[in-house]
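Chemist:
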Amino acid sequence: MPGSLPVLNRQVVEYALAVGLATNCQVNRFCKFDRKNYFYPDNPQNYQISQLYLPICRHGWVEIETAAGSKKVGIHEIHMEEDAGKLIHDEWEDCSLVDYNRSGVPLIEIVSEPDMRSAQEVIAYLEKLRLIIQYLGASDCKLQEGSMRADVNLSVREAGASELGTRTEMKNLNSFKAIARAIEGETKRQIELLEEGRKIVQETRRWDDNKESSKAMRSKEDAQDYRYFPDPDLPPVVISDQWIADIKARQPELRTEKAARYMEEYRLPRYDAEILTGSKHMADMFEETVGLCKKPKEASNWLMTEAMRLLKEHEMDEEDMNFSPAHLASLIELVEKNVVNRTVAKTVFEEIFSRDVDPVKYVEEKGLKVVNDEEALRSAVEQIIAENPQSVEDYRNGKERAMGFIVGRTMRAMKGKADPGLVNKLVKELLS
Numbered sequence: 001m002p003g004s005l006p007v008l009n010r011q012v013v014e015y016a017l018a019v020g021l022a023t024n025c026q027v028n029r030f031c032k033f034d035r036k037n038y039f040y041p042d043n044p045q046n047y048q049i050s051q052l053y054l055p056i057c058r059h060g061w062v063e064i065e066t067a068a069g070s071k072k073v074g075i076h077e078i079h080m081e082e083d084a085g086k087l088i089h090d091e092w093e094d095c096s097l098v099d100y101n102r103s104g105v106p107l108i109e110i111v112s113e114p115d116m117r118s119a120q121e122v123i124a125y126l127e128k129l130r131l132i133i134q135y136l137g138a139s140d141c142k143l144q145e146g147s148m149r150a151d152v153n154l155s156v157r158e159a160g161a162s163e164l165g166t167r168t169e170m171k172n173l174n175s176f177k178a179i180a181r182a183i184e185g186e187t188k189r190q191i192e193l194l195e196e197g198r199k200i201v202q203e204t205r206r207w208d209d210n211k212e213s214s215k216a217m218r219s220k221e222d223a224q225d226y227r228y229f230p231d232p233d234l235p236p237v238v239i240s241d242q243w244i245a246d247i248k249a250r251q252p253e254l255r256t257e258k259a260a261r262y263m264e265e266y267r268l269p270r271y272d273a274e275i276l277t278g279s280k281h282m283a284d285m286f287e288e289t290v291g292l293c294k295k296p297k298e299a300s301n302w303l304m305t306e307a308m309r310l311l312k313e314h315e316m317d318e319e320d321m322n323f324s325p326a327h328l329a330s331l332i333e334l335v336e337k338n339v340v341n342r343t344v345a346k347t348v349f350e351e352i353f354s355r356d357v358d359p360v361k362y363v364e365e366k367g368l369k370v371v372n373d374e375e376a377l378r379s380a381v382e383q384i385i386a387e388n389p390q391s392v393e394d395y396r397n398g399k400e401r402a403m404g405f406i407v408g409r410t411m412r413a414m415k416g417k418a419d420p421g422l423v424n425k426l427v428k429e430l431l432s
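Read in this note's numbering, the sequence shown has 286 at position 286, and its numbers run on one by one without any break.
1) With H, G and I counted as helix, E and B as strand and the rest as coil, what does DSSP make of Arg58?
2) Grab me the residues of Gly20's own chain with a C-beta within less than 7 angstroms of its C-beta, minus the 5 sequence neighbours each way, in chain order.
3) Which first and last residues belong to the alpha helix (DSSP H) in which Gln190 is found?
4) To which residues of the same chain is Ala114 closer than 7 angstroms at the C-beta, ignoring the five residues directly before and after it?
5) Taking the beta carbon of Trp92 as the centre, do at least 16 other beta carbons fall within 10 Å, making it buried, or is it exposed?
6) What's the call for Gln134, buried or exposed, on a 16-neighbour Cβ count within 10 Å?
7) When burial is assigned at 16 or more other CB atoms within 10 Å of the CB, is Pro296 buried or exposed?
8) Going by DSSP in three states, Gly69 sits in which element: helix, strand or coil?
9) Keeping to the same chain, check which residues put their C-beta closer than 8 angstroms to that of Asp202; ignore five residues upstream and five downstream.
10) For Trp99, which of helix, strand or coil comes out of DSSP?
11) On a Cα-Cα basis, can you pick out the residue from Ser432, Ile384 and Ala329 that is closest to Glu400?
12) For the 8 angstroms Cβ check, are there 3 or more pairs between the stretch 30 to 49 and the stretch 72 to 89?
13) Roughly how many angstroms lie between the CA atoms of Ser112 and Ser300, to the nearest whole one?
14) Hey, would you say the C-beta of Ala402 is under 8 angstroms away from at least one heavy atom of the ligand SAH?
15) Please report how far the alpha carbon of Arg267 lies from the alpha carbon of Glu336, in whole angstroms.
16) What residue does the alpha helix (DSSP H) around Glu212 start on, and which one ends it?
17) Could you check the C-alpha separation between Leu331 and Trp302 for me, to the nearest Å?
18) Suppose you measure from the CA of Leu368 to the CA of Val344; what does that come to, to the nearest Å?
19) Which residue wins for smallest C-alpha separation from Ser70, given the options Tyr125, Pro236 and Thr187?
20) Could you tell me the distance, in whole angstroms, from the CA atom of Asp233 to the CA atom of Gly85?
21) Can you give me the Cβ contacts of Ile446 inside the same chain, cut-off strictly under 7 angstroms, excluding the 5 residues immediately before and after it?
22) Are the beta-carbon atoms of Met321 and Met263 separated by less than 9 angstroms?
23) Nearest to Leu328 by alpha carbon, out of Arg149, Asp358 and Leu97?
24) Could you name each continuous alpha helix (DSSP H) segment of 4 residues or more that falls completely within the stretch 346 to 401, going from the start of the chain to the end?
25) Go ahead and label Asp317 buried or exposed: buried means 16 or more other beta carbons lie within 10 angstroms of its beta carbon, across all protein chains shown.
The following block contains the structure:
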């Protein structure tokens, strides 16, 4: 707001503390804000409130899994700052549009140490950070919506060299796949320049994922170019031991502990536990479903197979699932009580997934209950056997698959609603 003074949002301090504690950082009990001065269209006040000299957290680390085993990636610092506007570059009209709606919104910036050596390690690090922050509830971390963003600072050096090379910074990265491609592309570009005897220029580059190439945006400034000075409107923040203790006491169960609990409490295999906890939203849906139906392995199977299949088909993220866990629990109960068979249940689940229907009402309205009237099924099997004499002959000649053909035809005739166990029993009885 023009003319208004900045006010610190207490919640962002608590989120920063929570993320710092979860990433093994040291908390600075006394931290303050600085003004970072620069002129750019997305920053109409010509400065940004940030933390250069005394950030809220320093010297942390997270552990990632690599092909060579586990590895610690250092965190240089976590600081709080205000967001700038968003520039939208229109290649067709050859112009740039500026959206100021997020200007002044608080964010935390996590600065890593140069410990990553490949695109795979970078993605593992970002995925670990994203899960930590999602579990803490500090952000939904949707890259496509801008609530998590990553700038890649990259340099190359000859094998065995100890000194880091000149770095470039790449922006406009809105997916993990784009980040991986940008790293591979920029690595190749820098190596080619050095092999041609040319120098790397420290600059900010913009990655174009469609063209899979980057182009220079502006020369990269160093800290002194921003003419930092203490923000005159915001007082320093003093963080007491009691405040830190309160944040620690409120820290939720993170992914590693949750996966271990799933294996112990629910007797799930490690694979199931890791898939289910790979998204906080998925883990929450699993726990709510189990709380209602008390069948953890069944809930796990539905989410890991049918839900994941539909997510892939519809190109959705786990966070986009919005059906009620109560409806999944009801479906599991219907299968358990043999009200519907699994074939029908899969069809019903698709309706739950897309429209969040109540499975009990849906099964009733569509007439999908299992047919286990033995006389009706016996009549259906007899008709299929009469229509397929060759299959009967094949079965009597030792071809077991012929029985499966008769069972399949019967199930089709009953529109998938027959009790499969009863159909199998009747087919075997009548063929014999």
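Don't be surprised by glycine CBs; every beta carbon is placed ideally from N, CA and C.
Modeler: Reading off the structure:
1) strand
2) Val27, Ile56, Cys57, Gly60 and Ile78
3) Phe176 to Glu195
4) The sequence shown places Pro at residue 114, not Ala. Cβ within range, chain order: Leu164.
5) exposed
6) buried
7) buried
8) strand
9) Per the sequence presented here, residue 202 reads as Gln, with Asp not at that position. Taken in chain order, the residues that qualify are Thr166, Arg167, Thr168, Ser219 and Lys220.
10) A small correction: the amino acid at residue 99 is Asp; Trp does not occupy that position in the sequence shown. Correct three-state label for Asp99: strand.
11) Ser432
12) yes
13) 35 angstroms
14) In the structure shown, the ligand SAH is absent, as is every other ligand, since no ligand is present at all.
15) 19 angstroms
16) Glu212 -> no alpha helix (DSSP H), and no H or E assigned at all.
17) 10 angstroms
18) 7 angstroms
19) Tyr125
20) 21 angstroms
21) Since the displayed the chain opens at 1 and closes at 432, residue 446 lies outside it and no answer follows.
22) no
23) Asp358
24) 359 to 366, 374 to 387 and 389 to 396
25) exposed
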